[in-house]
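Engineer:
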Amino acid sequence: MKNKVINITEAVDKMPDGASIMIAGFLGNGTPHNIIDAILAKGIKNLTIISNDTGITGIGISKLIAAKVVKKVMTSHIGTNPETGKQMMAGTLEVELVPQGTLAERIRAAGAGLGGVLTPTGVGTDVAHGKQTLVLNGKEYLLELPIKADFAILGATIADTFGNSFFNGTTKNFNPVMSTAADTVIVEAAKIVEPGELDPNVVMVHGIFVDYIVRSNSNG
1 MKNKVINITE AVDKMPDGAS IMIAGFLGNG TPHNIIDAIL AKGIKNLTII
51 SNDTGITGIG ISKLIAAKVV KKVMTSHIGT NPETGKQMMA GTLEVELVPQ
101 GTLAERIRAA GAGLGGVLTP TGVGTDVAHG KQTLVLNGKE YLLELPIKAD
151 FAILGATIAD TFGNSFFNGT TKNFNPVMST AADTVIVEAA KIVEPGELDP
201 NVVMVHGIFV DYIVRSNSNG
């Protein structure tokens with residue numbers, strides 16, 4: 001099997017200015033912190049970030065927001081990072097708020113090659129603005145389009161050198177669904193093992209979806 005392990009510098013060198021990046025995690029849990037730091041160190045800018053949230057001040061995604069290298073964020077929650085709201089109100093950061101379940105489904109739809117998903121969530125609210133609606137069996141739905149990215153960066157507990165990955169407990173969160181919805185997938189793993197060492201029954205992201213693996217001590 002191909003060994004996909006590279007160093008973090010090599011990984012972020014593949015990311016150009018203006019890239020769209022899915023960042024897995026939930027308030028920093030299961031987030032690839034070292035890759036985020038490397039993105040900052042390289043000075044990549046004008047990013048579009050797709051994530052569950054924009055982090056907690058000083059942790060994870062919030063560092064990218066604070067550095068003002070993000071032009072747009074698609075997320076379900078910004079309340080734990082005041083800087084996101086500040087930049088949004090100043091007009092320097094575009095924020096698209098997406099209900100959490102809808103965000104997950106739109107990402108899943110991209111990975112599955114679907115044309116979109118129908119959901120009643122957001123009908124009759126600002127979420128519905130500009131979106132197509134359908135009435136099925138007397139109930140109104142929004143058509144939510146798939147979300148795909150140039151890159152997805154994941155934070156794994158254990159990965160083998162081919163990319164098969166395990167996420168401990170709640171670190172799983174958005175990691176598996178994002179692995180199928182990006183052109184290039186990079187896993188940051190706290191522990192890297194040889195193929196065959198990871199029990200197939202605990203694999204949550206399969207190596208066929210992973211392009212590169214980097215080492216980290218940040219994800220438990």
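Numbered according to our numbering, the sequence shown terminates at residue 220, and the numbering increases by one at each position without gaps.
Ideal Cβ placement from N, Cα and C applies to all residues, glycine included.
(1) Distance, Cα to Cα, alanine 152 vs glycine 124?
(2) With DSSP as the reference, label glycine 207 as helix, strand or coil.
(3) Please state the DSSP three-state secondary structure of glutamate 140.
(4) Starting from methionine 89, trace the alpha helix (DSSP H) in both directions and tell me its first and last residue.
(5) With DSSP as the reference, label serine 51 as helix, strand or coil.
(6) Where DSSP assigns a beta bridge to glutamate 188, which residues make up the other side?
(7) Does the distance from the CB of alanine 181 to the CB of alanine 110 come in under 7 Å?
(8) Threonine 119 by DSSP, collapsed to three states: which one?
Structural biologist: On the basis of the data shown:
(1) Translated into positions along the sequence shown, residue 152 becomes position 152. Translated into positions along the sequence shown, residue 124 becomes position 124. C-alpha separation (whole angstroms): 32 Å.
(2) Against the sequence shown, residue 207 aligns to sequence position 207. The answer is helix: DSSP assigns glycine 207 an H, G or I state.
(3) Locating residue 140 in the sequence shown gives position 140, counting from the first residue. DSSP places glutamate 140 in strand when its eight states are reduced to three.
(4) Position 89 of the sequence shown, counted from the first residue, corresponds to residue 89. It spans 82-90 - the alpha helix (DSSP H) in which methionine 89 sits, taken as one unbroken run.
(5) Residue numbering aside, residue 51 sits at position 51 when the sequence shown is read from its first letter. Looking at serine 51 - three-state DSSP - the assignment turns out to be coil, as it is neither helix nor strand.
(6) For the purposes of this step, residue 188 is taken as the residue at position 188 of the sequence shown. Partner(s): Gly155, Val214.
(7) For the purposes of this step, residue 181 is identified with residue 181 of the sequence shown, where counting begins at 1. For the purposes of this step, residue 110 is identified with residue 110 of the sequence shown, where counting begins at 1. Taking 7 Å as the Cβ cut-off, alanine 181 and alanine 110 qualify as a contacting pair.
(8) Position 119 of the sequence shown, counted from the start, is the residue given in the question as residue 119. Threonine 119: strand per DSSP, three-state reduction.
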